[in-house]
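Note sheet for the following structure.
This is how it looks when you write it as structure tokens:
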């Protein structure tokens, strides 16, 4: 049996089976998943990110932020995702339909960012606060100084300049990459309750029947 | 043309080996250079995990990029080159004739390594894809596929042009790996990079690819080497060999479905991680059968046997742990933590250890000379075994602690980082030890390249005898 | 040949030829016949273990995959449960929103309409009375004079709001039912809600041009 084309056919078939099951199967199920139209609000969710935020996603991708941060919230009773304020419901496929390359991540050396924009809004954090954190770094996160530029003040000082760092006659300004990255992070929200995302409460009686 | 079969079958060094010396040496030196480079990058990356400020000001070495660079260098640079070298040597030996198309092989090796270099540099400049184990920029990926085809062709030719009709387990595993890789590599490239599927379906395909890279590429190459080395060195027929075929097919059929275990609790339908667990349990059947076949691996032995033995035990452990920690009740703690990193290191170590054993066996045969320094061999062996064990255990413990702390919402990230810091310092030391060991291996190999064959006598190699078809 | 005196790390010796490895294992792969009452236990053990794995895998898949449904993201969930249905929208809330978007310009915020031009909705018998007549008006529109609360209104026509030929609004049946439910409980009206199914039933009778009062009064 191993001696001939049948062997290669068998190998190919085994691989095609898993490809068909996983790739084609999920594509058939969810390939044309549409945004959910909400009659009351008159909008479709998820909402598309702004152009600036989309550029910020590319910056997030090329810096490799995905190596320490996830963007997927697990369901409330599984781990401490909800308790840490990362999201009140599980992330579902529909949350990512508009994203060109969802950056789900698989390592939590840093917190989950799926609802970062919503948390920042709730805490009243502005884009400047975020940029300051990026510049300074923190105990866990390195300082991203190369996203900022220290330049001589010509004429008027820039609106975007960060205070308290640059020398006399110089200003510290975030580069365009930093600005778009901040806009992207502030746009991260997964707050809409889709039908399939509502938390499931297992029925005690039903569970016992199995 | 090749020598007659009688000389091939009975001498320790043959025309088959010496004719492939150039091509295989090229592959092996490339693999060892990447092993050392990748090891250095991995060390820097691990240092950054416990000391975030390290190299933080250099945009080329920011943590995210460095992570992708070390992964690419080790998987495509070291594992890619070494795996192909071992597979080609095994297939040509068992096929009974010299490697054909070595010109293509050399050309392919050149382009493969150019590709990996471009890939690593491309990542440093920010073109990474963010897909785990497939981080090379878009513009490099098709080059890798073409280069691969050139490299793998001699291997497939060695199978189709074999002298004997009957085949041995090594050949099944090696040919399966060589044959399947381009299919799942190209499928992943198309569906992720060139005509991307929508949304989180990309993560399904990305995990499918990453799993196949281990289960259908690295694992079969390592197992192929084991199936050859054990009877070759022990001189005994493997017990329960009639079941080897089932072990082979259960790896191929079930191993490829396990990718979903990385997506537990994620934004994909729940059936995907559930199927992955089912497959993870079923693939343990393969591990059982290989274990039954490899009973000769234990006991006293030289460096080759010792590397093979520890690599094999690591492989068995890796299979059990991957299946066990796909259970959701365990995954809730270990998911997204350093424990997953430890799991990957365990799997990668199992491959690397077995391939080290294979390389220590085959290099003298293609060079016609013994390894110049036994000190460097022993040093490499000790450094690797100790380094791997310490690295994996420290990452595993750190990851478990990290996971339990993450599940307690009162513990801040600063506290978690402080908790795993000591373990990561130990892991960094282990990684540095591994680097030193691999440097020793590289030095030894470079030295063996310069040994002139005229200085060496073939009498160093003992004449092997014929294996008796004993009742097992 | 497998016992060696010393293992030189610089060179591992081979104990068997390649050809013999292939032939010997080929022979071993044929297996041995069970003779004289001696049988191997291993095949039975492996079969048992493999069956066990299949059983575990099968039951696990049966319980935790939701029958491969793409809408189940929580593995504890059983397939076909209530959560896969769309969430219920409160018709009064939706109806009010729609009213404020489209109806308010003519029928006014307080439902009083415009004397002589647009009929009132507050305490109007057409609103609180027959469901069928009300649904018909909204679906297909109204043309010609109509008497509401003793006054005649005939100047302006009511457009067709439903998914009918010639209609410009194309409201879904659910939305029509919501608006009607809203007006039937607002401004002192106390009539019951209207179901989406009732709207669908009437719409499926077929398209038609705008109703006149006489035709409407012929409806139950």
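Protein chains in written order, with this note's numbering: chain A, 296 to 505; chain B, 119 to 590; chain C, 318 to 537.
Glycine residues also receive a C-beta, built at the ideal position from the N, C-alpha and C atoms.
For residue 425 (chain A), the CB contacts under 8 Å within the same chain, skipping 5 residues up- and downstream, are 415, 477, 480 and 481 in chain order. Nearest in C-alpha terms to residue 403 (chain B), of all of B:542, B:339, B:434 and B:391, is B:434.
When Cβ-Cβ separations below 8 Å define contact, residue 363 (chain C) makes contact with chain B.
For residue 475 (chain C), DSSP records a beta bridge to C:459.
DSSP places residue 308 (chain B) within a helical segment (H, G or I) once states are collapsed to three. A distance of 8 Å or more separates the beta carbons of residue 478 (chain C) and residue 470 (chain C). The beta carbon of residue 582 (chain B) sits closer than 6 Å to none of the beta carbons in its chain outside the five residues before and after it. By DSSP's assignment, residue 469 (chain A) forms a beta bridge with A:443. Residue 378 (chain C) reaches chain B at 392, 393 and 396, counting residues in chain order whose Cβ is nearer than 7 Å. For the 8 Å CB-CB criterion, residue 183 (chain B) and residue 232 (chain B) do not form a contact. For residue 418 (chain A), the enclosing alpha helix (DSSP H) starts and ends at 411–418. When DSSP reads this structure, residue 333 (chain A) sits in a beta bridge with A:338.
Distance from residue 359 (chain A) to residue 526 (chain B) at the Cβ level is roughly 28 Å; contact not present, criterion being Cβ atoms closer than 8 Å. For a Cβ distance threshold of 8 Å, residue set 335 of chain A lies close to residue 410 (chain C), ordered along the chain. Ranked by Cα distance from residue 512 (chain C), the first of C:498, C:340 and C:537 is C:498. Nearest neighbour of residue 239 (chain B) by Cα position, chosen from A:497, A:318 and A:357, turns out to be A:357.
For residue 457 (chain C), no CB of chain B lies under 8 Å from its own CB, so it is not counted at the interface with that chain. Under the 8 Å criterion on CB atoms, residue 502 (chain C) is classed as non-interfacial with respect to chain A. The residue from B:205, B:333 and B:175 with its alpha-carbon nearest to that of residue 432 (chain A) is B:175.
At a C-beta separation below 9 Å, residue 457 (chain B) has no neighbours in chain A, since its nearest C-beta there lies roughly 11 Å away. Scanning its chain for C-beta atoms nearer than 6 Å, with the 5 sequence neighbours on each side dropped, one finds around residue 237 (chain B) the residues 190, 254 and 258, in chain order.
When beta bridges are read from the DSSP output, residue 468 (chain C) appears opposite C:465. In the structure shown, residue 489 (chain B) falls within a coil segment according to DSSP collapsed to helix, strand and coil. At a cut-off of 8 Å, the C-beta of residue 246 (chain B) has a neighbouring C-beta in chain A.
Judged by their CB atoms, residue 351 (chain B) and residue 481 (chain B) are not nearer to each other than the 8 Å cut-off. Contact fails between the region 467–481 of chain B and the region 513–525 of chain B, because fewer than three Cβ pairs, one in each stretch, are under 8 Å apart.
According to the DSSP assignment, residue 342 (chain C) belongs to the alpha helix (DSSP H) that extends over 335–346. Here DSSP, grouped into helix, strand and coil, assigns residue 528 (chain C) to strand. Collapsing the DSSP output to three states places residue 421 (chain A) in coil. Contacts with chain A at 8 Å (Cβ-Cβ) include residue 171 (chain B).
If you compare the alpha carbons of C:358, C:329 and C:363 with that of residue 364 (chain B), the shortest gap goes to C:363. With respect to the C-alpha of residue 272 (chain B), the residue from B:245, B:207 and B:163 having the closest C-alpha is B:207. Excluding its 5 nearest sequence neighbours in each direction, residue 455 (chain C) has C-beta neighbours in its own chain below 6 Å: 478 and 493, listed in chain order. Between residue 371 (chain C) and residue 400 (chain B), the alpha-carbon positions lie close to 7 Å from each other. Going by DSSP, residue 207 (chain B) is part of the alpha helix (DSSP H) stretching over 198–213. Nearest to residue 147 (chain B) by alpha-carbon distance, out of B:292, B:578, B:562 and B:584, is B:562.
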